[in-house]
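Here's the structure, in structure tokens; my notes come after.
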Amino acid sequence: MSTVTPTNNTVAPGGAASWVDDRLHASGGLSKLLKKVFPDHWSFMLGEVALYSFIILLLSGTYLTLWFKPSMTEVIYNGSYMPLKGIKMSEAYASTLNISFDVRAGLLMRQIHHWAALFFLAAMSVHLMRVFFTGAFRKPREMNWVIGTVLLTLGILEGFAGYSLPDDLLSGTGLRIAEGIMQAIPLVGTYLAMFLFGGEFPGNDFISRLYSVHILLIPGILLALVTVHLIMVFYQKHTQFPGAGRTESNVVGFRLYPIYMAKAGGFFFIVFGVTTLISALVAINPIWLYGPYTPSQVTAGSQPDWYMGWLDGAVRIMPNLETNILGHTISWNLLVPALVIPGIMFTSLGLYPWIEAFASGDKREHNLLDRPRNAPTRTALGVMAISFYLMLWFSGDNDIIATAFHLSINQITQTLRIAIFVVPPIAYKVTKHFCLGLQRKDRELLLHGYESGEVLRLPHGEFIEIHKPVSLEEKAVLMGKADIAPLPAAPAIDANGVENPAARKEKARTRLSAWFYADNVAAPSAQELAEAESHAVHGSSHEEISAH
Amino acid sequence: MALSRRHPAALFAVLFVALGTTGAAYAAVSTDTAPKASVASATQVDQGKQLFLEGCSSCHGVAAQGSSNGPSLIGVGAAAVDFQVGSGRMPLAGPNIQAVDKPPVYSEEEIAAMAAYVASLGAGPAIPSDEAVDTTNADVVLGGELFRTNCSQCHNVAGRGGALSNGRWAPNLMSSEPKEVVEAMITGPQNMPVFSDKTITPQEKKDIIRYIQELQKSNNPGGADLGRFGPVTEGVFIFLVGLGILIVISVWIGAKAR
Chain A
16 MSTVTPTNNT
26 VAPGGAASWV
36 DDRLHASGGL
46 SKLLKKVFPD
56 HWSFMLGEVA
66 LYSFIILLLS
76 GTYLTLWFKP
86 SMTEVIYNGS
96 YMPLKGIKMS
106 EAYASTLNIS
116 FDVRAGLLMR
126 QIHHWAALFF
136 LAAMSVHLMR
146 VFFTGAFRKP
156 REMNWVIGTV
166 LLTLGILEGF
176 AGYSLPDDLL
186 SGTGLRIAEG
196 IMQAIPLVGT
206 YLAMFLFGGE
216 FPGNDFISRL
226 YSVHILLIPG
236 ILLALVTVHL
246 IMVFYQKHTQ
256 FPGAGRTESN
266 VVGFRLYPIY
276 MAKAGGFFFI
286 VFGVTTLISA
296 LVAINPIWLY
306 GPYTPSQVTA
316 GSQPDWYMGW
326 LDGAVRIMPN
336 LETNILGHTI
346 SWNLLVPALV
356 IPGIMFTSLG
366 LYPWIEAFAS
376 GDKREHNLLD
386 RPRNAPTRTA
396 LGVMAISFYL
406 MLWFSGDNDI
416 IATAFHLSIN
426 QITQTLRIAI
436 FVVPPIAYKV
446 TKHFCLGLQR
456 KDRELLLHGY
466 ESGEVLRLPH
476 GEFIEIHKPV
486 SLEEKAVLMG
496 KADIAPLPAA
506 PAIDANGVEN
516 PAARKEKART
526 RLSAWFYADN
536 VAAPSAQELA
546 EAESHAVHGS
556 SHEEISAH
Chain B
20 MALSRRHPAA
30 LFAVLFVALG
40 TTGAAYAAVS
50 TDTAPKASVA
60 SATQVDQGKQ
70 LFLEGCSSCH
80 GVAAQGSSNG
90 PSLIGVGAAA
100 VDFQVGSGRM
110 PLAGPNIQAV
120 DKPPVYSEEE
130 IAAMAAYVAS
140 LGAGPAIPSD
150 EAVDTTNADV
160 VLGGELFRTN
170 CSQCHNVAGR
180 GGALSNGRWA
190 PNLMSSEPKE
200 VVEAMITGPQ
210 NMPVFSDKTI
220 TPQEKKDIIR
230 YIQELQKSNN
240 PGGADLGRFG
250 PVTEGVFIFL
260 VGLGILIVIS
270 VWIGAKAR
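Chains A and B, in that order, are what the protein sequence lines are. Using the working numbering, the letters of the first sequence correspond one by one to residues 16 to 563. Using the working numbering, the letters of the second sequence correspond one by one to residues 20 to 277.
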């Protein structure tokens, strides 16, 4: 090695850069990365909002850890917020008051942290809707969908942990409910709650335990999963909407460097700026009004943050049912709304890509997105799920709705108990109807063009409206519709006249497939398109006119 | 300089003298009407009875004994009348689940007369004196503790009101007068329990009023308070305003590339 004469055989663009590259040999991989092409659509930036909110949360959260004391030791408040001076409270609450009133920029940082948390979960939820409604979860991206589901679940838990840390009246009320939910788990519930709280509620340990979960455990997992989530987006390439020149095997857009670097970098500062602006202008969780947590106190309008509202709502509308078996109480009133329903919701969310693939029998890779109307059953299911979620959310706000609109809280609860079963199927039907209508419109546009508004009078006196073919760009979008035929029923008897044992098993699948795809409005075939084109060339046919 | 010929305090001095003179003159003229509420004269009771028979007896009965439409008023005291009629809750606008506060229908004098009449029917809580609502020596910290322990479960921790069962509600306290607060505590109007002077001492009532006054100041170190309804309005805000702004910007950034 020592005999090799040192030579500089690379043409370095800059001294420092080449010094680094000589040691890391990263330029090859980096240039590949920087040349990566990303497609452009506003809805692709919703996930970015979630990512940037997460970064803001890490930064503002670090600032808060410098002053927050996760301890339930009782102290006497002696800070500058006069109406609480001299009151006994936990050190956690006292330090949160201290951050709010005596630490420079402390209140702004607290509000940034809290608003960013609401942003994080709101952006994740809307990003999830985008991925769902466009079918971006289909092969090969099922794994990333599952990671996303886990991120959302952990994000909700992380948010709730943060909401619980200040140890104010609202935090404690939320934790009391959380403890109740834990206790509702059959057999092990009581032990679990005792174990987590270190004895009877509230105990002296829970805040410090929750703190390490909130600042270390969950953020660590979130950070790791976000990284994997992003690497997979890079590695599998981003999906794109159908359009001119876009196929399943290319990506039309701009390179990461310089366009997306600038766009994404700029967008980060916009998200940070908007979050800071909101935090500077609008108060969030004024903990000083709530006072320290005391089990003997409660306030009207005790609600969790929005992302837990649906869970609170499920508990609020659940009828009060309990069973006593051999001296052991099973609290259906908590078990069902707080554990069974969320379990079903998140499990079916995570498994959805496989459910749909099972119904379609589709094993192809999909890099082109579906327009929501072109997957009517999926879209309708999504809207149905959203309406279900909203009903639960309204249930969680029943007292605020009652106060704001002068309604009876009992009637709201009764109405929502019915609406939770009635509204989602209606939402499903209506959405599907809309999607199929839009599909028919698209088919119409492809075959007959759009209504130009020009009216022509024929020699024999008849009036017709001239239809013009859609633009090439629009045609490419419309032609991007990929029809999936329902799976054919497996023959009940095979070629030798023997009963096919698989047929019975396949029956449910065929039925599911038909439910998903049977009423789809087929895209015009090549032959239909060719015929339509010849009509257009030869002028309007009678057939076309009578269609209107 | 010509502008600074007058002493800076001259304006305040003039104002002080003017207000002092007006006040003194008013006091001299109205000395005989000032302590009217404390001693109910026979004519006042008669006037109150007349007003009662005209405006209240259809529900409360001609002898205030109550009917199927309204409770007996014997022993409810002057404070109850002053609160219910003074806040416009009575006379009832219509048969409803709960009386709504609205601009009072009767004049102060008329209310005092009706209060005197009802007080003459049986012993009950009297209208609180000015001393009873004087908060100069009240303890805001203790008031906050008492408020959170006794009031916030219905009126909300910031006094913004809340829902009760079957369409009833605990009202917003942001425009409540100290006298109304004490009257409500000692008479327990609508669905509110009575907080007698044994449960919450007169001094503690002053502390609570002091804390409510603190809440009414609506000092918001954190910015706009979104109605102080708690996390629900914050959630609505983040979707409608926060995410709304960012989606508009996303569309703008996405559109620029075409």
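Note that the Cβ used here is the ideal one computed from N, Cα and C, for glycine as well. Source: prediction; values computed, not measured.
- Counting along the chain, the unbroken beta strand (DSSP E) around residue 469/A starts and ends at 465-472.
- Take residue 515/A, set aside five residues on each side of it, and the residues of its chain with a beta-carbon closer than 8 Å to its own are 505, 506, 507, 508 and 509, in chain order.
- Residue 339/A carries a strand assignment under DSSP once its states are collapsed to helix, strand and coil.
- Close CB contacts of residue 518/A within its chain, under the 6 Å cut and outside five residues either way in sequence, are with 505 and 507 (chain order).
- Boundaries cannot be given for residue 148/B, as no beta strand (DSSP E) includes it and DSSP labels it neither H nor E.
- In terms of Cβ geometry, residue 534/A and residue 456/A do not form a close pair [threshold 9 Å].
- Look at the region 329-361 of chain A: it has no residue with a C-beta under 7 Å from a C-beta of chain B.
- At a cut-off of 9 Å between C-beta atoms, residue 172/B counts as an interface residue with respect to chain A.
- When Cβ-Cβ separations below 9 Å define contact, residue 247/B makes contact with chain A.
- The three-state secondary structure of residue 188/B, taken from DSSP, is strand.
- Annotation: residue 50/A has no Cβ neighbours in chain B at a cutoff of 8 Å; minimum Cβ distance is about 17 Å.
- Residue pairing of residue 480/A in beta bridges, as defined by DSSP: 470/A.
- In the three-state DSSP reduction, residue 333/A falls in the coil class, being neither helix nor strand.
- Note: residue 103/A is bridge-paired with 91/A in the DSSP secondary-structure output.
- Taking C-beta atoms as the reference points, residue 61/A and residue 266/B count as a pair closer than 9 Å.
- Annotation: residue 260/A to residue 122/A spans about 51 Å, alpha carbon to alpha carbon.
- A check of alpha carbon separations from residue 136/B across 226/B, 28/B and 71/B identifies 71/B as the nearest.
- As the crow flies, the alpha-carbon of residue 426/A is around 21 Å from that of residue 175/B.
- Taking the Cα positions, residue 496/A is about 58 Å away from residue 312/A.
- The beta-carbon separation of residue 155/B and residue 232/B, rounded to 11 Å, does not stay under the 8 Å limit for a contact.
- Under DSSP, residue 52/A forms a beta bridge with 270/A.
- Burial check for residue 270/A: the Cβ neighbour count within 10 Å stays below 16, so the residue is exposed.
- In this chain, the alpha helix (DSSP H) harbouring residue 278/A covers 276-296.
- Listed as beta-bridge partners of residue 345/A by DSSP are 338/A.
- Segment contact: the region 104-121 of chain A against the region 276-294 of chain A, fewer than three CB-CB distances shorter than 8 Å; contact not assigned.
- In this structure, residue 101/B places its C-beta atom within 9 Å of the C-beta atom of residue 131/B.
- With the criterion set as a beta carbon lying under 8 Å from some beta carbon of chain B, the members of the region 97-119 of chain A are 97, 98, 99, 100, 101, 102, 115 and 116, in sequence order.
- The beta carbons of residue 162/A and residue 52/A sit about 23 Å from each other, so the pair does not count as a contact at 8 Å.
- Residues of chain A whose Cβ lies closer than 8 Å to the Cβ of residue 164/B are, in chain order, 102 and 306.
- The residue among 481/A, 422/A and 460/A with its C-alpha nearest the C-alpha of residue 470/A is 481/A.
- Residue 454/A is a Cβ neighbour of residue 389/A, given a cutoff of 9 Å.
- Residue-level contact check: residue 300/A touches chain B, since one or more beta carbons of chain B fall below 9 Å from its beta carbon.
- Looking only at 229/A, 342/A and 324/A, the smallest Cα-Cα distance to residue 407/A is reached by 324/A.
- Within chain B, the C-beta atoms nearer than 7 Å to that of residue 282/A come from 272, in chain order.
- Against residue 65/A, chain B offers no close residue; the least beta-carbon distance is about 11 Å (beta-carbon pairs closer than 8 Å).
- In the DSSP assignment, residue 163/A falls within the alpha helix (DSSP H) that extends over 157-179.
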